[in-house]
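> Can you keep this structure in mind? I'll have questions shortly.
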Amino acid sequence: MDCHAIIVVGASAGGLEALEALIGGLPRDLPAVVCVVLHIGSRHSEAPKILAKAGVLPVAHPADGEAIRCGRIYVAPPDHHLLVEPGRLRLSRGPRENGTRPAADPLFRSAAEAYGSRVIGVVLSGNLNDGTAGCSAVKRRGGTTVVQDPADASFPGMPRSALCNVAIDHRARAFDMGPLLARLVHALSPRSTPAPVPRRAGRPHAAKEDASMEGDYELNPPVSLTCPECGGSLRESTMDSMPYFTCHIGHRYGADSMDEAQFQMMEQAFEAAVRTLNERAALCLRLAEAARANGRALSALRWDEAGGEARERAQTLVQFLTNDWIRPSPNAEEDEEPGRAAG
Numbered sequence: 000m001d002c003h004a005i006i007v008v009g010a011s012a013g014g015l016e017a018l019e020a021l022i023g024g025l026p027r028d029l030p031a032v033v034c035v036v037l038h039i040g041s042r043h044s045e046a047p048k049i050l051a052k053a054g055v056l057p058v059a060h061p062a063d064g065e066a067i068r069c070g071r072i073y074v075a076p077p078d079h080h081l082l083v084e085p086g087r088l089r090l091s092r093g094p095r096e097n098g099t100r101p102a103a104d105p106l107f108r109s110a111a112e113a114y115g116s117r118v119i120g121v122v123l124s125g126n127l128n129d130g131t132a133g134c135s136a137v138k139r140r141g142g143t144t145v146v147q148d149p150a151d152a153s154f155p156g157m158p159r160s161a162l163c164n165v166a167i168d169h170r171a172r173a174f175d176m177g178p179l180l181a182r183l184v185h186a187l188s189p190r191s192t193p194a195p196v197p198r199r200a201g202r203p204h205a206a207k208e209d210a211s212m213e214g215d216y217e218l219n220p221p222v223s224l225t226c227p228e229c230g231g232s233l234r235e236s237t238m239d240s241m242p243y244f245t246c247h248i249g250h251r252y253g254a255d256s257m258d259e260a261q262f263q264m265m266e267q268a269f270e271a272a273v274r275t276l277n278e279r280a281a282l283c284l285r286l287a288e289a290a291r292a293n294g295r296a297l298s299a300l301r302w303d304e305a306g307g308e309a310r311e312r313a314q315t316l317v318q319f320l321t322n323d324w325i326r327p328s329p330n331a332e333e334d335e336e337p338g339r340a341a342g
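Position one of the sequence shown corresponds to residue 0 (numbering that gives the first Met the number 0), numbered consecutively onward.
So this is what it looks like as structure tokens:
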């Protein structure tokens, strides 16, 4: 079969159902390769088996170095980034991006690097912003971008982020996505394998576990923020006016993902402080009892006061934890679409 294109798909929460609808609309003779990242964590995944039942194309986890075969759907295995090189697929346990591995951004970037205008990037239902930087990379290399209509997505964060930050070419309901992709693929001229584009010097592929995961980012001086995952200093960079934060290990966060990770760190810090204060109150109670047993009434009173102080301050922190927080989204609904996406 002559292969016209590589379709790369990113999905997260609510994405399995959207993928089933998309795959159900793909024809048996689709002249393209489909590579899928679904945020599935690090455990065994039944995603290929489930998705194979949704359509007529074969679905599987690829092996590292497996040759690309047209008319097949490859799903990133748990805890591995799926990357595209000319003529083959690679698996990598490189640094998490946007707090997840596999992530959509490395797949999209590597495909755009390898095949340029023959790449179609698709972002489906999910939270936060994975896939946005990937869509930007696809667009810069002349490829086509498609997102699930946020109104159709169970979790609209990922498609909305792409719409807010990238001039997306098309948006559609998941049910309509398969026929749309088939039309886009057939509009491209055929090749036995999608022809790779020349790679720029100094941009290594993230194919091996010790390889860099860097994309088209400038590494600037460190800022006064630390990596939520490893605690290393972060460098801020921009892509198409979008802020990104990368540590020296290679963990990378978009604005939404960084906000979520930092908020979780803050909650954990409050919880640790509450736990420590409760433990202090318990210790003070024991020491007060010991002082009373030894006839030291004044010392016992002071320990009782110290324990009461710890309990009061713990309660104050609990109020901070349980109160609502202002959580502005970098990708509010009213900010959608730098360029109106076609249906």
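Every residue gets a Cβ at the ideal spot worked out from N, C-alpha and C, and that includes glycine.
No experiment lies behind these values; they were computed from the predicted model shown.
Which runs of the beta strand (DSSP E) spanning at least 3 residues fall entirely within the stretch 223-287, listed in chain order?
Fully enclosed beta strand (DSSP E) runs of 3 or longer: 232-238, 241-246 and 251-253.
> Give, in chain order, every unbroken run of the alpha helix (DSSP H) that is at least 4 residues long and sits entirely within the stretch 21-80.
List check, alpha helix (DSSP H) in window: 46-51.
> Can you give me the Cβ contacts of Val35 inside the same chain, cut-off strictly under 6 Å, excluding the 5 residues immediately before and after it?
Contacts found: Val8 and Val74.
> Leaving aside the five residues before and after Asp209 along the sequence, list all residues of the same chain whose C-beta is less than 8 Å from its C-beta, in chain order.
Confidence at Asp209 is low in this model, with a pLDDT of 39, below 50, so the placement of that residue is unreliable and no value is reported for it.
> Three or more C-beta pairs under 8 Å: does that hold for the stretch 278-286 against the stretch 304-314?
Result yes; three or more Cβ-Cβ pairs closer than 8 Å.
> Can you give me the start and stop residues for the alpha helix (DSSP H) that Val137 sits inside?
Its alpha helix (DSSP H) spans residues Thr131 to Arg139.
> If you run the structure through DSSP and keep just helix, strand and coil, what is Gly9?
Correct three-state label for Gly9: strand.
> On the three-state DSSP scale, how would you describe His3?
If DSSP states are grouped into helix, strand and coil, His3 belongs with coil.
> Taking contact to mean at least 3 C-beta pairs separated by less than 8 Å, is the stretch 38-49 in contact with the stretch 63-79?
Short answer: they touch.
> Could you name the residues that DSSP lists as bridge partners for Arg87?
BP columns for Arg87 point to Ala66 and Glu84.
> If we ignore side chains and look at the alpha-carbon of each, how far apart do Val32 and Arg42 end up?
Going by the C-alpha atoms only, they are around 25 Å apart.
> Quick one: using the 10 Å Cβ neighbour count with 16 as the cut-off for buried, is Pro203 buried or exposed?
Because Pro203 sits at a pLDDT of 37, beneath the cut-off of 50, its placement in the model cannot be relied upon, and the point is left open.
> Taking all protein chains shown into account, decide if Trp302 is buried (16 or more other Cβ within 10 angstroms of its Cβ) or exposed.
Classification of Trp302: buried, given that the 10 Å Cβ count is 16 or more.
> Could you compute how far the alpha carbon of Ser116 sits from the alpha carbon of Val317?
Distance between the alpha carbons of Ser116 and Val317 is about 53 Å.
> Bridge partners of Arg96, per DSSP?
Residue identity differs from the one stated: residue 96 is Glu in this sequence, not Arg. Glu96 is bridged to Thr99 and Arg251.
> So what does DSSP say about Pro178, is it helix, strand or coil?
Looking at Pro178 - three-state DSSP - the assignment turns out to be helix.
> Report back the beta-carbon spacing between Ala51 and Gly23 to the nearest angstrom; my notes put them in contact at under 8 Å.
Incorrect: roughly 11 Å between the Cβ atoms, too far for contact.
> Determine the direct distance from the alpha carbon of Asp129 to that of Ala166, and round the result to whole angstroms.
In a straight line, the C-alpha of Ala166 is about 16 Å away from that of Asp129.
> How would you label Leu320, buried or exposed, when you count the other beta carbons within 10 angstroms and need 16 or more for buried?
Label assigned to Leu320: exposed.
> Drop a sphere of 10 angstroms on the beta-carbon of Asn164, count the other beta-carbons inside from all chains shown, and report buried for 16 or more, exposed for fewer.
The residue in question, Asn164, is buried, as its Cβ has 16 or more Cβ neighbours within 10 Å.
> Please go through the same chain and pick out, in chain order, the residues whose beta-carbon is closer than 6 Å to the beta-carbon of Leu224, but skip the five residues on each side of it.
Cβ neighbours of Leu224 beyond the five flanking positions: Leu233.
> Would you kindly report the start and end of the unbroken alpha helix (DSSP H) that includes Arg170?
Arg170 -> not in any alpha helix (DSSP H); beta strand (DSSP E) instead, spanning His169 to Ala171.
> Residues in its own chain within less than 6 Å of Leu90 by CB, not counting five upstream and five downstream?
Here the set comprises Asp63 and His79.
> Would Ala110 pass as a contact of Val83 if the rule is Cβ separation under 8 Å?
Yes; because the gap between Cβ atoms is below 8 Å, this pair is in contact.
> Quick check on the DSSP output: the beta strand (DSSP E) that includes Gly120 runs from which residue to which?
First-last of the beta strand (DSSP E) with Gly120: Val118 to Val122.
> Apart from the five residues just before and just after Pro101, which ones in its own chain have a Cβ nearer than 7 Å to its Cβ?
Val36, Ala75, His79, His80 and Leu81.
> Give me whichever residues DSSP pairs with Pro221 in a beta bridge.
Bridge partners of Pro221: Arg234.
> Just to confirm my understanding: we take Gln263, look at its own chain, exclude 5 residues before and 5 after, and list those with CB closer than 8 Å. What are they?
So the list reads Pro227, once near-sequence residues are dropped.
> Along the chain, where does the alpha helix (DSSP H) that runs through Val145 open and close?
Unbroken run through Val145 is the beta strand (DSSP E), Thr143 to Gln147; no alpha helix (DSSP H).
> Could you check whether Leu180 and Ile6 sit closer than 8 Å to each other, using their CB atoms as the reference points?
Yes, Cβ-Cβ distance for Ile6 and Leu180 is below 8 Å.
> By the DSSP assignment, the alpha helix (DSSP H) with Val317 in it spans what residues?
Unbroken alpha helix (DSSP H) run through Val317: Ala296 to Thr321.
> Got a sec? Which residues, its chain only, sit under 7 Å from Leu187 by beta carbon, not counting five neighbours each side?
Here the set comprises His3, Ala4 and Arg117.
> Buried or exposed: Gln147, going by 16 or more other Cβ atoms within 10 Å of its Cβ?
Buried is the call here.
> With respect to the alpha helix (DSSP H) encompassing Ser160, which residues constitute its N-terminal and C-terminal limits?
Ser160 -> alpha helix (DSSP H) spans Gly156 to Asn164.
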